[in-house]
Amino acid sequence: MPTMICLHGLTPEQEARVREAAPGWNIVFGRPKELDDKLFREAEVICGWSPAIEKESLGEGGSLKWLQSWSAGVDKMPLDKLEQAGVILTTASGVHPVPMSETALAMMLAFSRGLHHSVRSQLRGKWEPREPYAELNGATLAIIGAGEIGTELGRLGQALGMRTIGVRRTARPTPHMDETLAIGQLHDALAQADYVVNVLPHTPDTERVYGAAEFAAMKESAVFINIGRGVSVDTEALVEALRSGAIGGAGLDVTDPEPLPEGHPLWAMEQVILTPHMGGSSGRYKERVTDLFVRNLKSYLEDGRPARNIVDYERGY
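Residue numbering for the sequence shown follows the numbering used here, starting at 1 and increasing by one per position.
In structure tokens, the structure reads:
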């Protein structure tokens with residue numbers, strides 16, 4: 001009887017869906033520390049990951065064939081070892097578009113209506129209107145990384161009357177983008193945008209994409225929002241751009257380093273909104289991952305290969 005392990009606490013209903021999809025399997029639900037190491041050597045399929053299970057699942061005698069990540073990003077996983085072991089790795093891409101796009105939208109609305117200033121004034125017990133107030137309607141939104149999350153954000157932006165520019169590896173028509181540019185045209189997109197939202201994954205090619213030259217290419221009134229990865233940004237260059245007025249503000253759900261150390265200048269900047277890497281969090285997260293996992297599980301059992309989100313080890317996503 002083949003063994004499957006699910007490492008994240010699912011509801012009884014969600015556990016039942018997994019069992020129903022894989023009759024005849026030994027399916028174990030539990031946290032890594034709760035389970036016998038032997039199970040990780042025997043497991044053919046694992047949903048979720050922990051560094052604590054690497055030695056057993058990828059070591060000598062390991063049986064792992066398919067690993068379903070609980071997250072969309074896999075940059076912190078042992079990709080080289082997984083590839084060498086011939087393990088199929090799938091991401092949770094597709095479960096994040098709604099919460100992450102709403103996080104970016106919330107930041108844009110906060111900046112346009114000055115809510116970040118109002119909250120700080122409230123904490124001081126002060127009535128301090130901050131003119132001018134703007135509207136998203138008619139503004140230009142550049143989405144750097146126009147995948148599933150970027151496409152959903154583009155839909156929301158267009159619904160509010162924004163002009164949307166998508167930037168991706170190659171320039172090809174993309175839903176909910178008024179214009180799509182290749183990554184080599186990044187500066188063209190930055191120069192037009194009132195709001196720049198980074199949704200790039202972490203790969204060697206996306207480290208420090210945003211430096212002094214990129215911030216200089218933006219409008220002085222532009223707001224830079226990062227819901228992708230902190231390492232995409234040269235943090236010192238961002239701080240200098242904010243201090244000098246090269247850009248108007250920044251909304252950061254991710255940073256480099258993360259979390260920011262005590263006393264870092266970004267904490268105290270009034271034109272900055274910081275959130276604790278919660279952009280993809282949602283009360284519906286497990287529901288959506290379970291939906292994806294069950295679909296992939298059925299495909300794996302029928303065809304020997306999951307249907308969605310297989311990682312290209314060469315690209316890293």
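Yeah, the Cβ is synthetic: ideal placement off N, Cα and C, and Gly gets one too. Every value quoted in this text rests on a predicted model; they were computed, and no experiment measured them.
Does residue i pass the burial test, meaning 16 or more other C-beta atoms within 10 Å, or should it be called exposed?
i: LEU221; result: Note that residue 221 corresponds to Ser in the displayed sequence, not to Leu. By the neighbour-count rule (16 or more Cβ atoms within 10 Å), SER221 is not buried but exposed.
i: ARG315; result: exposed
i: GLY263; result: exposed
i: GLU131; result: exposed
i: ALA139; result: buried
i: LEU7; result: buried
i: THR206; result: buried
Take residue i as the anchor and find which of the options has the nearest alpha-carbon.
i: ARG169; options: SER50, GLY184, GLN192, MET177; result: GLY184
i: LEU136; options: GLY114, ARG130, VAL95, LYS33; result: GLY114
i: LYS55; options: ALA134, SER71, LYS38; result: LYS38
i: MET100; options: ILE310, TYR300, SER282, VAL18; result: SER282
i: ASP178; options: LEU186, THR151, HIS202; result: THR151
i: GLU102; options: ILE149, ILE273, PRO78, ALA246; result: ILE149
i: ALA171; options: GLY304, TYR210, ILE143; result: ILE143
i: VAL209; options: VAL87, LYS81, ASP256; result: ASP256
Tell me which residues share the same chain as residue i and place their Cβ nearer than 8 angstroms to its Cβ, disregarding the 5 neighbours each side in the sequence.
i: ALA212; result: ASP234, ALA237, GLU240, ALA241
i: VAL254; result: ASN226, ILE227, GLY228, ARG229, GLY230, HIS277, GLY279
i: GLY61; result: ARG41
i: GLN14; result: LYS286, GLU287, THR290
i: PRO23; result: none
i: SER112; result: TYR133, ALA134, GLU135, LEU136, ALA139
When DSSP labels each residue in this structure, what does residue i get in the three-state scheme?
i: GLU240; result: helix
i: GLU262; result: coil
i: TRP267; result: helix
i: THR90; result: strand
i: ILE53; result: helix
i: ALA307; result: coil
i: ARG294; result: Here residue 294 is Val; the residue named in the question, Arg, does not match the sequence. Here VAL294 sits in helix by DSSP.
i: TYR300; result: helix
i: ALA213; result: helix
i: ALA246; result: coil
i: GLY73; result: coil
i: GLY125; result: coil
i: VAL98; result: helix
Suppose the cutoff is 6 angstroms on Cβ atoms and the five residues either side in sequence are ignored; what does the same chain contact list for residue i look like?
i: GLY157; result: LEU141, THR164
i: ALA104; result: LEU153, VAL197, ILE225, ILE227
i: THR174; result: ALA146, GLY166, THR180
i: LYS298; result: ALA21
i: MET218; result: LEU190, ILE247
i: MET162; result: LEU136, ALA139, LEU141
Near residue i, what residues of its chain come up, given a Cβ to Cβ distance below 7 angstroms and the 5 sequence neighbours on each side ignored?
i: ASN296; result: GLN68, THR90, PRO306, ALA307, ARG308
i: ARG284; result: none
i: HIS202; result: GLY73, ASP75, ARG229, VAL231
i: LEU79; result: TYR313, GLY316
i: PRO265; result: VAL239
i: VAL294; result: ARG17, VAL18, ALA21
i: ALA43; result: THR3, MET4, ILE5, SER57, SER63, LEU64
Identify every run of the beta strand (DSSP E) within the segment 132 to 166, keeping only runs that are complete inside it and at least 3 residues long; order them along the chain.
140 to 144
Every unbroken alpha helix (DSSP H) within the segment 165 to 204, with a cutoff of 4 residues, ordered by chain:
186 to 192
Minimum length 4: unbroken alpha helix (DSSP H) runs contained in the segment 2 to 70:
12 to 21, 37 to 42, 54 to 58
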